[in-house]
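Number of protein chains: 2
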Amino acid sequence: MLHFEDITVGSTQSFGRYEVTREEVTAFAAKYDPQCFHLDDEAAAATHFGRLSASGWHTCAMTMALMVANMKTHPQAGLGSPGVENLRWAKPVYPGDTLRVETEVLEKRRSASRPEMGLFRSRIRTLNQNDEVVLEMTSTGLIRVREAEAAPA
Amino acid sequence: MLHFEDITVGSTQSFGRYEVTREEVTAFAAKYDPQCFHLDDEAAAATHFGRLSASGWHTCAMTMALMVANMKTHPQAGLGSPGVENLRWAKPVYPGDTLRVETEVLEKRRSASRPEMGLFRSRIRTLNQNDEVVLEMTSTGLIRVREAEAAPA
Chain B
1 MLHFEDITVG
11 STQSFGRYEV
21 TREEVTAFAA
31 KYDPQCFHLD
41 DEAAAATHFG
51 RLSASGWHTC
61 AMTMALMVAN
71 MKTHPQAGLG
81 SPGVENLRWA
91 KPVYPGDTLR
101 VETEVLEKRR
111 SASRPEMGLF
121 RSRIRTLNQN
131 DEVVLEMTST
141 GLIRVREAEA
151 APA
Chain V
154 MLHFEDITVG
164 STQSFGRYEV
174 TREEVTAFAA
184 KYDPQCFHLD
194 DEAAAATHFG
204 RLSASGWHTC
214 AMTMALMVAN
224 MKTHPQAGLG
234 SPGVENLRWA
244 KPVYPGDTLR
254 VETEVLEKRR
264 SASRPEMGLF
274 RSRIRTLNQN
284 DEVVLEMTST
294 GLIRVREAEA
304 APA
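Residue numbers (this note's numbering), protein chains in the order written: chain B, 1 to 153; chain V, 154 to 306.
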């Protein structure tokens with residue numbers, strides 16, 4: 001089980017394969033983002049999206065699904081996230097796309113207020129089958145410290 | 154139909170009512186964010202969340218649902234979003250919570266590359282039934298310009 005001490009700044013990972021289906025795109029949009037360009041082919045064709053595309057929040061959710069699946073094979077003592085910076089939906093995600101994720105750890109530090117936790121910032125990129133970045137963000141993750149009594153590094 | 158010309162910097166809106174159910178929290182988490190503290194009561198109780206809480210991406214999705222519902226009563230010629238800044242999950246969202254949204258327009262400008270579009274930045278806050286902010290972000294929205302031939306303001 002990976003803890004704060006095991007996080008290496010500069011380390012990278014590349015993983016995942018998520019097949020984006022039309023059925024899932026329209027189901028997510030119908031519930032959470034029922035704008036016409038996520039639901040209707042003709043309406044989407046009349047916008048800069050060109051054709052029916054996934055809600056940006058659906059892309060975030062699919063990215064998270066890939067990240068959690070990756071954590072199952074590389075278990076870590078994660079404790080959620082306080083937030084993300086500079087979330088950019090760089091390109092539309094279309095039904096038929098296949099998504100994957102690349103991450104890089106940018107920095108890490110012990111929590112000042114909760115000595116049992118550390119924080120690490122990562123650049124997260126989601127790419128499609130043409131290696132185009134569709135989503136980019138800088139995420140902060142919380143993770144358990146293995147030896148909480150040790151002096152903060 | 155609201156267009157770019159109708160967006161007023163400094164204008165605020167307060168709207169929505171979303172009842173967060175346990176069933177929806179665990180269904181979203183099972184599909185997109187199957188970390189134990191979003192799925193299992195005992196595991197959640199052992200973390201700083203205290204009890205089962207919604208995925209942060211689910212909170213984003215519920216916030217979007219409230220925003221799109223509000224657009225239905227105040228139709229606007231929206232064209233999606235290139236991204237958000239400083240997305241902060243300020244507090245956990247729990248089953249049984251009721252969410253609402255407050256927005257404020259911070260600035261607006263015509264697109265340099267696409268004269269038929271304008272951009273506006275908004276502060277978006279999602280609050281629970283105790284008026285606690287659970288989610289905060291600064292979002293950029295794209296919207297059609299009514300008179301694209303007019304000189305940019």
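Idealized CB from N, CA, C, for every residue including glycine.
Do the segment 227-238 of chain V and the segment 247-263 of chain V touch if we need at least three Cβ pairs shorter than 8 Å? no
Contact with chain B by D284/V, beta-carbon distance below 9 Å: Stepping through the second sequence from its first residue, residue 284/V is reached at position 131. Not one chain B Cβ lies under 9 Å of D284/V.
Rounded straight-line distance, which links the Cα of N70/B to that of D97/B: Translated into positions along the first sequence, residue 97/B becomes position 97. Translated into positions along the first sequence, residue 70/B becomes position 70. One C-alpha to the other measures close to 20 Å.
Listed by chain order, chain B residues near Y247/V by CB distance under 9 Å: By one-based count along the second sequence, residue 247/V stands at place 94. Here the premise fails: no neighbours, minimum Cβ distance about 13 Å.
Under a three-way DSSP split, which group does L272/V fall into? Counted from its first residue, the second sequence places residue 272/V at position 119. If DSSP states are grouped into helix, strand and coil, L272/V belongs with the strands.
Could you give the residue range of the alpha helix (DSSP H) that holds V258/V? Position 105 of the second sequence, counting from 1, holds the residue named residue 258/V. No alpha helix (DSSP H) contains V258/V, which is instead part of the beta strand (DSSP E) from 251-263.
Using a 10 Å radius around the Cβ and a threshold of 16 neighbouring Cβ atoms, would you call P92/B buried or exposed? If you number the first sequence from 1, residue 92/B lands on position 92. That one is buried.
The beta strand (DSSP E) spanning F37/B covers which residue range? For this step, residue 37/B is matched to residue 37 along the first sequence. F37/B -> no beta strand (DSSP E), and no H or E assigned at all.
Which value, in whole angstroms, describes the spacing of the CA atoms of F4/B and E132/B? Position 4 of the first sequence, counted from the start, is the residue given in the question as residue 4/B. Position 132 of the first sequence, counted from the start, is the residue given in the question as residue 132/B. In a straight line, the C-alpha of F4/B is about 31 Å away from that of E132/B.
Residues near C189/V by beta carbon distance below 6 Å, same chain, minus five either side: To locate residue 189/V, count along the second sequence from 1; it is residue 36. These residues qualify, in order along the chain: A196.
With 16 other CB atoms within 10 Å as the buried threshold, where does G56/B fall? The residue you call residue 56/B lines up with position 56 of the first sequence. Per the 10 Å Cβ criterion, buried.
Cβ shell of A301/V (< 6 Å), same chain only, five flanking positions each side left out: Stepping through the second sequence from its first residue, residue 301/V is reached at position 148. So the list reads P268, E269, once near-sequence residues are dropped.
Opening and closing residue of the alpha helix (DSSP H) in which G56/B lies: For the purposes of this step, residue 56/B is identified with residue 56 of the first sequence, where counting begins at 1. It spans 56-73 - the alpha helix (DSSP H) in which G56/B sits, taken as one unbroken run.
Sufficient close CB pairs (3 or more, under 8 Å) joining the segment 116-126 of chain B to the segment 134-147 of chain B: yes
E85/B CB to nearest chain V CB: under 9 Å? Locating residue 85/B in the first sequence gives position 85, counting from the first residue. Yes, contact with chain V.
According to DSSP, E136/B sits in a beta bridge with which residue or residues? Along the first sequence, one-based indexing puts residue 136/B at 136. Its beta-bridge partners are R88/B, R125/B.
Cβ-based neighbour list, V25/B, same chain, cut-off 6 Å, excluding 5 preceding and 5 following: Taking the first sequence and counting its residues from 1, the one referred to as residue 25/B is at position 25. So the list reads A54, P95, once near-sequence residues are dropped.
Closer than 7 Å at the beta carbon, the chain V residues around T47/B: Locating residue 47/B in the first sequence gives position 47, where the first residue counts as 1. In chain order: L232.
Any heavy atom of the ligand MG closer than 8 Å to the Cβ of T256/V? Looking for the ligand MG in the displayed structure turns up nothing, as the structure carries no ligands at all.
Does DSSP classify T161/V as helix, strand or coil? Indexing the second sequence from 1 puts residue 161/V at position 8. Three-state result, T161/V: coil.
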